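Sequential numbering from 117 applies to the sequence shown in my numbering.
A virtual CB, placed ideally from N, CA and C, is assigned to each residue, including glycine.
These figures come from a predicted structure and were not determined experimentally.
For reference, the structure is listed below as structure tokens.
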Amino acid sequence: MALPTLDNLLRRSAYLTIGMLVVWIGLDTWLTGTAWAGLPLSQSALTVEYCEFNHVHRFVHQPSNTYSNLVYFFLGVLILQIAQVDTQKGGETGLNRLEHFPLLSALMGGCFVYLGFGSAFFHASLTYIGQRVDMNATYSLMLTLAGIALYHLGHRMSLTAAQKKGWVLMILLLIGAFFKLSLLVPSSRLVPALILGINVLMLIDYIQFRNDRSLGLLLLGLGLIVVAIKIRTLDVQKVNCDPYAFFQGHAFWHVLTGLSSFCSYSFFRFTRITS
Numbered sequence: 117m118a119l120p121t122l123d124n125l126l127r128r129s130a131y132l133t134i135g136m137l138v139v140w141i142g143l144d145t146w147l148t149g150t151a152w153a154g155l156p157l158s159q160s161a162l163t164v165e166y167c168e169f170n171h172v173h174r175f176v177h178q179p180s181n182t183y184s185n186l187v188y189f190f191l192g193v194l195i196l197q198i199a200q201v202d203t204q205k206g207g208e209t210g211l212n213r214l215e216h217f218p219l220l221s222a223l224m225g226g227c228f229v230y231l232g233f234g235s236a237f238f239h240a241s242l243t244y245i246g247q248r249v250d251m252n253a254t255y256s257l258m259l260t261l262a263g264i265a266l267y268h269l270g271h272r273m274s275l276t277a278a279q280k281k282g283w284v285l286m287i288l289l290l291i292g293a294f295f296k297l298s299l300l301v302p303s304s305r306l307v308p309a310l311i312l313g314i315n316v317l318m319l320i321d322y323i324q325f326r327n328d329r330s331l332g333l334l335l336l337g338l339g340l341i342v343v344a345i346k347i348r349t350l351d352v353q354k355v356n357c358d359p360y361a362f363f364q365g366h367a368f369w370h371v372l373t374g375l376s377s378f379c380s381y382s383f384f385r386f387t388r389i390t391s
């Protein structure tokens, strides 16, 4: 059975993403803001954290900040397909370390999809539970990237199939624990700390295998997240803010952080090393 090309993977991701967009638009057309009635508002809604106007009468309160989360969905579906391709390769020779661990790629793809739905839920409803799910999904993506980086840091160890499942289970348990742990440390401290930690681990990996790693992907991922943080900060500070604009600063945050995370994943997945 021939493996699908990258074009096919991208095409399938695009079709599914367009389908999801149609579903979300349909929900916003058929339902109203009363669908969220009874759910406590988030602190973000109470303080008007983001520039975009809150259309309380609509099912999707913040359209730009909601629909932009489809970038996470698209990338998640793409990575899930990559994991499927890696599974089909089985025990082939000439595979890199992450190709030999498709379950970890599947977790990465799942976290992207989780964030796509979680963040959309939050910006559509601006509820407290939506904000909690959004943040947990954000941490899930970063914790999985950290898990991938640590897995490569232990490159001298060859994990059995059972140990690989244990590694994924440990990450899942940590993600679940963060639903409570994240309440103890402000996200303004925890998110930058995780971003810094991931990039330090990637730098260590690059120093170890500089002939087999892409410095471009490392720098691009870092550059995108730096720009994303700057844009998000300006959006929160209401600099050049137009609440009714089609494009919103926080929507660009979604796009840029999604691409940054994909670059970080690609740094490991598309390496030439076969250890």
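Which residues in the same chain have their Cβ closer than 6 Å to the Cβ of residue i, if we skip the five residues on either side of it in sequence?
i	result
Cys379	Leu333, Leu336 and Gly337
Phe190	Ser129 and Thr133
Tyr360	Phe169
Leu126	none
Gly234	Val249, Asp250 and Ala253
With H, G and I counted as helix, E and B as strand and the rest as coil, what does DSSP make of residue i?
i	result
Thr150	helix
Leu333	helix
Gly365	helix
Thr209	coil
Gln353	coil
Pro359	coil
Ser274	coil
Asn327	coil
Arg388	coil
Thr260	helix
Phe217	coil
Met117	Residue confidence is low: Met117 scores 37 on pLDDT, short of 50, so the model does not pin down where it sits. Its coordinate-derived value is still stated next. Correct three-state label for Met117: coil.
Leu300	coil
Cys167	coil
Tell me, which residues are paired with residue i by DSSP?
i	result
Arg174	Thr148
Thr243	Leu157
If residue i and residue j are in contact, beta carbons under 8 Å, what's the gap, nearest whole angstrom?
i	j	result
Ala265	Ile314	6 Å
Val371	Ser184	6 Å
Leu242	His171	Not really, about 10 Å apart at Cβ, beyond 8 Å.
Leu269	Ile320	7 Å
Ser256	Ile311	That pair is no contact at about 14 Å.
Which same chain residues, not among the five before or five after residue i, have their C-beta less than 8 Å away from its C-beta?
i	result
Leu350	Asn356 and Gly365
Phe401	This structure does not reach residue 401, given that the chain is present from 117 up to 391, and the question cannot be answered.
Gly282	none
Can you name the start and end residues of the alpha helix (DSSP H) that residue i belongs to?
i	result
Asp321	Ser303 to Gln324
Pro179	Pro179 to Tyr183
Lys281	Ala277 to Leu297
Could you pull out every residue in the same chain whose Cβ sits closer than 7 Å to the Cβ of residue i, ignoring the five residues on either side in sequence?
i	result
Ser382	Leu333
Val187	His370, Val371 and Gly374
Ala367	Ser180, Asn181 and Ser184
Ser391	Note that Ser391 has pLDDT 46, beneath the 50 cutoff, so the model's placement of it is unreliable and no number is given.
Between residue i and the ligand FMN, is the CB less than 6 Å from at least one heavy atom?
i	result
Leu147	Within the structure as shown, the ligand FMN is missing, as the structure has no ligands at all.
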